[in-house]
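Numbering-wise (this note's numbering), the sequence shown opens with residue 288 and increments by one.
Every residue, glycine too, gets a C-beta built ideally from N, C-alpha and C.
Since we're looking at a predicted model, the values are computed, not measured.
Report on one structure; see the data block that follows.
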Amino acid sequence: MINITTNRMIIRNFKQDDWHDLLEVLVDKEASEYAIYDHPFPTGEREVKDITNWFSQGDSFLAVYEKTDKKVIGYIAINSEKRSEYNLGYCFLSSYQEKGYATEACVVIINYVFDTLKGEKFTTGTAVLNIPSCKLLTKLGFHKTGESISSLRKNAEGKAIEFIGASFELSKDAWLKTDYNTLQ
């Protein structure tokens, strides 16, 4: 079980009763201008209950619980691709974006993976046009390792929606040289 407390949040395993908050996060995500750059998530009540149940059974998807508002405002994904290598993902309600929540959550999760799980490297990707996500990754010390044409969704006619995706990487050595206390 993961339970990490920051000044404003608790980053923890999902609980089955988080489904309603996760539904709000996913509906908000799917309405975002950036939704076309990610895999579609279901937004039906039954499907979100199933996703929440699946999330609650492991440590790969973590709820970001805001202490003052007493609700889940997003999630962090830390999937292990290879031994000691992790993929970082995140999603936050738009009403909590640009307020430092993602930075705060990512800093403690990166520390957790490098210190507790003995990870050596993070990889991740986002659309080049997802400027807020690119800025966050750069702020966290990730560096761009490449670009490629990607497609994760289709339009109404069934044609692939293509975009330029950027790959990013952060090594433990680079992270240890970062004064992450100044990032928040």
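Beta-bridge partners of H430 (DSSP): E456.
Here N442 carries a coil assignment [DSSP, helix/strand/coil].
A contact between stretches requires three or more CB pairs, one per stretch, nearer than 8 angstroms, and the segment 439 to 458 fails this requirement with the segment 348 to 364. DSSP places F379 in the uninterrupted beta strand (DSSP E) bounded by 372 to 379. In the three-state DSSP reduction, N294 falls in the coil class, being neither helix nor strand. Residues D315 of the same chain have their beta carbon placed closer than 6 angstroms to that of S381, with the five preceding and five following residues left out of the count.
In chain order, S347, N374 place their CB closer than 6 angstroms to the CB of N366, counting only its own chain and leaving out the 5 sequence neighbours on each side. Bounds of any alpha helix (DSSP H) do not take in A350; it lies within the beta strand (DSSP E) bounded by 348 to 353.
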